[in-house]
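Under UniProt numbering, the sequence shown has 124 at position 124, and the numbering climbs by one with no breaks.
Don't be surprised by glycine CBs; every beta carbon is placed ideally from N, CA and C.
One structure is given here, and the rest of the page talks about it.
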Amino acid sequence: MKLSWKWPLMIACILYGATVGASDLGTLLGGGSDQFRKAEPGQPIRLPADHGAHPDYRSEWWYLTGNLKDEQGRDYGIQWTLFRQGVEQQITSDNPWLSPQLWLAQFAITDLARGSHRQDERTSRQGPGLAGASGGEYWLKEWRLASQGDALFPATLKVQSKMGELNLKVSAAKPVVLQGKAGYSEKSPGNASFYYSYPRLKLSGTLTLDGETRNVTGQGWFDHEWSSSVLAQWQSGWDWFSLQLADGRELMLFRLRTKEGRPEPENRYGILIERDGSSRVLAPESIVLTPGKTWRGPKGQDYPVEWQLKAGDLNLTIRARQPNQAMTGRFNYWEGAVTVEGDAQGLGYLEMTGY
C-alpha cells in the first residue's frame, strides 16, 4: 500500500477527529494525481447511472439543503451532506473491508425561532453496510437518502441524531440542471468537476427537536459533484449561493476567491433557471458579488452574512436568516439559510469556505 504525503492528513481528519483548517482546502481539493481520473470536457453525464459514486475520482459529495416551515409557522433551515474521499493507495486484496474510500456525513438544523444552530456528523471507512452511494441509496450508517425508483427523486431522507430527527419525502419540482458546459464545471485552468443540480425540491415530513415532533413542508436544493482537482493552489475558497425566487425562477452563483497577493482573477459563474426549467449561463462579467456586514464565527473567521448581488439584470440583497450557522466539525465553513430581497424575493442557502 502506497500513500502520498497529502493523505495522512485526510486520514487523520476522518478517522481521528482532527479539524481541517481553511489553509488546507487547496491541499484537499486541489492538485492532480496519477491514481485518479481527471474531469475533462466531452465526458457526458449519464443519468441515472451517474447518481452513484465515482471512486475513480478523488472527491465527491451529495448535498441537500432546504427551508422548512412547521404547522405553527416556525421556520427552519436544514442541511444534509454526504462526502466521499478517495485515498492514494494501491490495494490488491478483494476484501471489501480494505477499501481506499473514506466517508463523512454532516447534518445541521437551524431553528430560526430559537436562534439555534445544531450540527452533527458521522465518519466511516467504506465497508459492507457502513457507507456508500449505489443502487439508489446514499448513506452513512443510519443517515440515508433513498430513491423510490431508477430516478433520484422521489426519495426519502431519514436522519436520526442526538440533536434531532428528520424524516422527509423529497420530490423534484423541476428537472435536473447540468452546470457549466453540459455538466463540466471549470474552476480554473486544469481544475474542474462534473456537476449537476436539482434546483427546486418539494419537501414534506416531520422534524423532531427536543422530543417534539412537528410536521414540516418547504423547498430544497440538491447538488452532486465529483472531481479529482477542484481548487488551484492559488485559490483560497469559495462563496456559493443557491436561491429560489418567489416568482418560480432559481439562481445559482459562485465565486472562487484568489489568495491575497496573487495576480490571477477570481472565477465567477452563474446560471438563471426559468419557470419552465430552461436555463441560461450568465456572462462572468455580468456577475458582481459584494460582501457586506460580517459575523465572527466560533473559530474566529469573519463571515459576510449580508451581500449585494448583481446577476445579469437582477440586483439582489442576500441576508442570513440568522448569522449563527457556522459548521465547526472536521471542516470549518459557513452554511446557512438566507433571504432574497430587491428585484426579486425568495429564500435560499449560502456556503462560504476558506475564511
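**Message:** What does the Cβ neighbour count give for Gly300, buried or exposed, with the cut at 16 atoms within 10 Å?
**Reply:** exposed
**Request:** Quick one: measure Cβ to Cβ for Ala320 and Gly336, integer angstroms, because I've assumed they're closer than 8 Å.
**Result:** 6 Å
**Message:** Rounding to the nearest angstrom, what Cα-Cα distance links Trp62 and His51 in this structure?
**Reply:** 9 Å
**Prompt:** What does a CB cutoff of less than 7 Å around Arg37 pick up in its chain, not counting 5 residues either side in sequence?
**Reply:** Asp56, Tyr57 and Ser228
**Proximity of Phe241 and Gly348 at Cβ, strictly below 9 Å** = yes
**Request:** Inspect the beta-carbon positions of Gly86 and Ser59 and report whether they are closer than 9 Å.
**Result:** yes
**Message:** Comparing C-alpha positions only, which one of Ser286, Tyr184 and Gly205 sits nearest to Ser197?
**Reply:** Tyr184
**Prompt:** With DSSP run on the structure shown, which of helix, strand or coil describes Ser229?
**Reply:** strand
**Item:** Whole-angstrom distance between Gly180 and Asp313, CA atom to CA atom
**Value:** 20 Å
**Message:** Can you list, in chain order, the residues of its chain with a C-beta nearer than 7 Å to that of Glu274? Leave out the 5 residues immediately preceding and following it.
**Reply:** Arg249
**Item:** Reduced DSSP secondary structure (H/G/I, E/B, other) of Asp343
**Value:** coil
**Asked** By Cβ distance below 7 Å, which residues in the same chain neighbour Gln126 in space, the five residues on each side in sequence not counted?
**Response** Ser99, Gln101, Trp103 and Gly132
**Request:** Identify whether Glu351 lies in helix, strand or coil by the three-state DSSP scheme.
**Result:** strand
**Item:** Among Gly261, Leu203, Met352 and Ser278, the one whose alpha carbon lies nearest that of Asp70
**Value:** Leu203
**Request:** Out of Phe331, Tyr355, Ala344 and Arg257, state which residue places its alpha-carbon closest to the alpha-carbon of Thr123.
**Result:** Phe331
**Request:** Note the first and the last residue of the continuous beta strand (DSSP E) segment covering Ser171.
**Result:** Gly164 to Ala172
**Asked** Quick one, are the C-beta atoms of Trp80 and Val159 less than 9 Å apart?
**Response** yes
**Request:** Assign Gly21 to buried or exposed, taking buried as 16 or more other Cβ atoms, counted over all protein chains shown, within 10 Å of its Cβ.
**Result:** For Gly21, the pLDDT reaches just 43, beneath the cut-off of 50, and the residue's location in the model is therefore unreliable, although a value from the coordinates is still provided. Result: exposed.
**Message:** Please classify Glu351 as buried or exposed, where buried requires at least 16 other C-beta atoms within 10 Å of its C-beta.
**Reply:** buried
**Complete runs of the beta strand (DSSP E) confined to the region 124-153 [at least 3 residues]** = 131-134, 137-140 and 143-147
**Request:** Put His54 into one of helix, strand or coil per three-state DSSP.
**Result:** coil
**Request:** Just mark Arg84 as buried or exposed, buried being the case when its beta carbon has 16 or more other beta carbons within 10 Å.
**Result:** buried
**Asked** What three-state label does DSSP hand Ser286 in the structure shown?
**Response** helix
**Exposure of Val230, with buried meaning 16 or more beta-carbon neighbours within 10 Å** = buried
**Beta-carbon proximity of Gly205 to Leu168, cut-off 9 Å** = yes
**Request:** Let me know the secondary structure DSSP gives Ala182 once reduced to three states.
**Result:** coil
**Request:** Kindly list the residues whose CB is nearer than 7 Å to the CB of Leu140, restricted to its own chain and excluding five residues on each side of it in sequence; keep chain order.
**Result:** Leu82, Trp103, Ala105, Arg122, Ser124 and Ala131
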